[in-house]
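Here the structure is laid out as structure tokens; the discussion comes afterwards.
2 protein chains.
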Amino acid sequence: METGNLTVTVVGLGLIGGSMALGLKGKVGSLQGLDVSPEILREAAVRDMADRLGTDPRELLPGADLVVVALYPEQTRRFILENREVFSPGTLIMDVSGIKETLVRDLQAGLPDTVEFLGAHPMAGREGSGIRQAREEMFLGSYFLITPTERNTPEALGTASAVLELLGPRKIVELDPSRHDRLMAYTSQMPHVLAALLVDGFTGDSRFLLGGSFRDATRVASINEVLWSELFLENRDNLLEEVRAFRDRLDRFEQLLSAGDSQGLEQWLRKVREIRENIQAGEAGK
Amino acid sequence: METGNLTVTVVGLGLIGGSMALGLKGKVGSLQGLDVSPEILREAAVRDMADRLGTDPRELLPGADLVVVALYPEQTRRFILENREVFSPGTLIMDVSGIKETLVRDLQAGLPDTVEFLGAHPMAGREGSGIRQAREEMFLGSYFLITPTERNTPEALGTASAVLELLGPRKIVELDPSRHDRLMAYTSQMPHVLAALLVDGFTGDSRFLLGGSFRDATRVASINEVLWSELFLENRDNLLEEVRAFRDRLDRFEQLLSAGDSQGLEQWLRKVREIRENIQAGEAGK
Chain A
0 METGNLTVTV VGLGLIGGSM ALGLKGKVGS LQGLDVSPEI LREAAVRDMA DRLGTDPREL
60 LPGADLVVVA LYPEQTRRFI LENREVFSPG TLIMDVSGIK ETLVRDLQAG LPDTVEFLGA
120 HPMAGREGSG IRQAREEMFL GSYFLITPTE RNTPEALGTA SAVLELLGPR KIVELDPSRH
180 DRLMAYTSQM PHVLAALLVD GFTGDSRFLL GGSFRDATRV ASINEVLWSE LFLENRDNLL
240 EEVRAFRDRL DRFEQLLSAG DSQGLEQWLR KVREIRENIQ AGEAGK
Chain B
0 METGNLTVTV VGLGLIGGSM ALGLKGKVGS LQGLDVSPEI LREAAVRDMA DRLGTDPREL
60 LPGADLVVVA LYPEQTRRFI LENREVFSPG TLIMDVSGIK ETLVRDLQAG LPDTVEFLGA
120 HPMAGREGSG IRQAREEMFL GSYFLITPTE RNTPEALGTA SAVLELLGPR KIVELDPSRH
180 DRLMAYTSQM PHVLAALLVD GFTGDSRFLL GGSFRDATRV ASINEVLWSE LFLENRDNLL
240 EEVRAFRDRL DRFEQLLSAG DSQGLEQWLR KVREIRENIQ AGEAGK
């Protein structure tokens with residue numbers, strides 16, 4: 000797949016969109032950046048993020064081979080559906096949001112047959128947000144997930160893969176949208192929920208006893224409440240299942256502790272340490 | 000308080016004991032290091048950790064003004080009680096373990112009136128263990144907790160403070176032993192419990208979706224199972240209370256989520272973010 004002639008429009012030049020623009024600029028035929036904020040567009044111009052920048056979908060969507068919508072999930076859905084007639088026939092549209100099942104279903108059902116939607120989700124982007132945190136190497140060495148369904152064509156998958164490979168990911172991984180969401184509830188949403196729940200128990204004189212473990216465990220408690228409340232609710236059923244599974248494990252721990260079962264606690268901690276070490280070994284290949 | 004003439008013996012030259020030796024050497028009259036392992040003593044000699052090194056309590060305890068026992072809690076208790084008749088009259092004994100109430104009570108009750116025990120706990124030492132991780136600046140800028148009771152004398156507190164100040168702590172904080180343990184259940188043990196419980200839910204195909212939040216939240220799941228099982232059980236009642244308090248907060252989160260209460264979730268996440276930011280601001284003074 001030749002990418003050198005493609006016109007790619009990135010919608011929303013925040014942390015992820017800005018990084019995609021930086022990562023693709025100069026590697027595709029034309030990289031266009033769309034944002035509603037003049038301030039963000041000024042910053043994008045200063046950082047030379049795109050060949051063409053603007054605020055008007057009617058200028059920057061038609062003619063694009065690929066449109067990457069890098070907005071919050073609800074905005075993503077709304078933006079794509081509102082502009083459903085603006086995309087040129089043959090356009091492939093992708094998103095980057097952390098929620099897939101409902102979004103993919105709604106968009107694939109709501110778009111004209113002449114355009115195609117493919118769900119995508121880069122496993123990158125840590126703390127921080129906004130264009131100022133964007134960087135070209137954001138996706139380098141990380142998994143890039145795509146969630147095709149039976150409505151996606153081999154051609155679209157080929158284009159998506161070819162463009163995403165330009166960002167230097169570790170691997171492009173295909174996942175079923177519903178499986179993606181269940182796994183996300185565990186790997187992403189639960190860490191945020193647990194961090195927030197831990198912080199929520201803070202009392203003033205705890206401050207003298209804060210060590211590295213508390214710092215690490217609560218690092219992700221500082222999150223954008225609007226985005227995360229939305230992510231939690233969009234994935235409610237999966238997250239509720241993970242909450243219940245977590246409570247079951249908490250109950251089992253409580254039983255071991257309550258019973259004073261030193262051998263049981265040691266065995267459990269050893270098992271957990273081994274799982275964690277295996278995860279780290281897998282990540283080291285990154 | 001003049002520290003230049005004091006003889007200090009550090010028992011157990013691991014991460015904490017080794018770092019204390021490195022931090023005090025040359026600042027007190029004589030710094031002695033005691034360990035059962037010839038290998039550790041060789042490493043201590045190579046790193047010039049002490050003025051005098053050895054394996055025999057009968058050689059290195061008598062004549063010490065201050066003995067710092069830097070062993071695991073159960074070993075600390077046993078070592079001090081086994082050597083109760085070996086300490087010279089007037090010796091101040093301190094420990095460094097993360098559990099205080101039962102240890103302080105047992106040792107203050109079990110020692111002869113001629114020697115004095117003061118509980119201490121440095122808020123330092125992150126991942127890693129053993130003498131090779133020891134470093135002189137380990138305690139620099141961190142809180143150093145001491146847990147005096149009505150059995151401790153002003154003279155002992157004066158000596159302890161003067162010596163600990165040599166390590167450059169942010170502040171020496173006095174806490175009641177039982178309050179210390181309750182706070183530790185929250186600030187230290189719960190983060191480890193939650194990290195372990197999260198890792199315990201790992202399934203193989205989660206590996207494609209691991210982001211920074213999972214990494215941060217599970218960093219402390221790789222812990223020494225013998226030490227931590229012991230710490231959990233020594234602090235069982237406090238930890239059980241924290242587990243129950245955590246489950247109550249988890250239940251409230253589940254209700255908000257289950258009810259689809261977007262405003263409630265946002266408010267809660269905002270409150271948590273503010274607490275976390277206040278904690279960070281307090282730490283920045285460090």
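From first to last, the protein sequence lines stand for chains A and B. Residue numbers 0 to 285, in numbering that gives the first Met the number 0, belong to the letters of the first sequence in order. Residue numbers 0 to 285, in numbering that gives the first Met the number 0, belong to the letters of the second sequence in order. Just so you know, even glycine gets a beta-carbon here, dropped at the ideal spot from N, CA and C. Since this is a predicted model, take the numbers as computed values, not measurements.
Bridge partners - residue i, DSSP secondary structure assignment
| i | result |
| --- | --- |
| residue 145 of chain B | B/119 and B/173 |
| residue 30 of chain B | B/7 |
| residue 93 of chain A | A/67 and A/117 |
Buried or exposed (CB count within 10 angstroms, at least 16 for buried), residue i
| i | result |
| --- | --- |
| residue 102 of chain A | buried |
| residue 149 of chain A | exposed |
| residue 215 of chain B | buried |
| residue 285 of chain A | Caution applies to residue 285 of chain A, whose pLDDT of 47 falls short of 50 and renders its modelled position unreliable; the value that the coordinates give is listed next. Exposed, since its Cβ has fewer than 16 Cβ neighbours within 10 Å. |
| residue 147 of chain A | buried |
| residue 16 of chain B | buried |
| residue 54 of chain B | exposed |
| residue 18 of chain B | buried |
| residue 212 of chain A | buried |
| residue 48 of chain A | buried |
| residue 82 of chain A | buried |
| residue 77 of chain B | exposed |
| residue 183 of chain B | buried |
| residue 153 of chain A | exposed |
| residue 202 of chain B | exposed |
| residue 3 of chain A | exposed |
Residue range of the unbroken beta strand (DSSP E) whose run includes residue i
| i | result |
| --- | --- |
| residue 259 of chain A | Premise fails: residue 259 of chain A is in no beta strand (DSSP E) and is neither H nor E. |
| residue 51 of chain B | 51 to 53 |
Cβ-based neighbour list, residue i, same chain, cut-off 8 Å, excluding 5 preceding and 5 following
| i | result |
| --- | --- |
| residue 89 of chain B | 64, 113 and 114 |
| residue 268 of chain A | none |
| residue 84 of chain A | 111 |
| residue 223 of chain B | 128 |
| residue 229 of chain B | 71, 72 and 73 |
| residue 40 of chain B | 12, 32, 34, 52, 53 and 54 |
Cα-Cα separation between residue i and residue j, rounded to whole angstroms
| i | j | result |
| --- | --- | --- |
| residue 189 of chain B | residue 193 of chain A | 11 Å |
| residue 279 of chain B | residue 120 of chain B | 22 Å |
| residue 271 of chain B | residue 221 of chain A | 7 Å |
| residue 277 of chain A | residue 164 of chain B | 41 Å |
| residue 44 of chain A | residue 25 of chain A | 15 Å |
| residue 91 of chain A | residue 116 of chain A | 6 Å |
| residue 58 of chain A | residue 207 of chain B | 37 Å |
| residue 204 of chain B | residue 136 of chain A | 25 Å |
| residue 185 of chain A | residue 138 of chain A | 21 Å |
| residue 28 of chain A | residue 6 of chain A | 6 Å |
| residue 11 of chain A | residue 251 of chain A | 45 Å |
| residue 98 of chain A | residue 123 of chain A | 14 Å |
| residue 258 of chain B | residue 245 of chain B | 20 Å |
| residue 109 of chain A | residue 80 of chain A | 7 Å |
| residue 261 of chain B | residue 232 of chain A | 7 Å |
| residue 167 of chain A | residue 23 of chain A | 10 Å |
| residue 243 of chain A | residue 234 of chain A | 14 Å |
| residue 104 of chain A | residue 226 of chain A | 20 Å |
| residue 133 of chain B | residue 14 of chain B | 5 Å |
Cutoff 7 Å; reference residue i; Cβ partners in own chain excluding five residues on either side
| i | result |
| --- | --- |
| residue 217 of chain A | 194, 197 and 198 |
| residue 145 of chain B | 117, 118, 119, 159, 171 and 173 |
| residue 94 of chain A | 68, 75, 102, 118 and 119 |
| residue 274 of chain B | none |
Close-in-space but distant-in-sequence residues of the same chain around residue i (CB under 6 Å, 5 per side omitted)
| i | result |
| --- | --- |
| residue 51 of chain A | 31 |
| residue 96 of chain B | 72 and 75 |
| residue 107 of chain A | 116 and 150 |
| residue 37 of chain B | none |
Boundaries of the alpha helix (DSSP H) in which residue i is found, first to last residue
| i | result |
| --- | --- |
| residue 39 of chain A | 37 to 45 |
| residue 168 of chain B | Residue 168 of chain B -> no alpha helix (DSSP H), and no H or E assigned at all. |
| residue 72 of chain A | 72 to 81 |
| residue 14 of chain A | 14 to 23 |
| residue 220 of chain B | Neither: residue 220 of chain B is in no alpha helix (DSSP H) and is coded neither H nor E. |
| residue 198 of chain B | 189 to 198 |
| residue 107 of chain B | 100 to 109 |
| residue 58 of chain B | 56 to 59 |
Heavy atom of the ligand NAD within 7 Å of residue i beta-carbon
| i | result |
| --- | --- |
| residue 270 of chain A | Looking for the ligand NAD in the displayed structure turns up nothing, as the structure carries no ligands at all. |
Looking at chain D, which residues of the region 138 to 172 of chain A have a Cβ within less than 9 Å of any of its Cβ atoms? Among the protein chains of the structure shown, namely A and B, there is no chain D.
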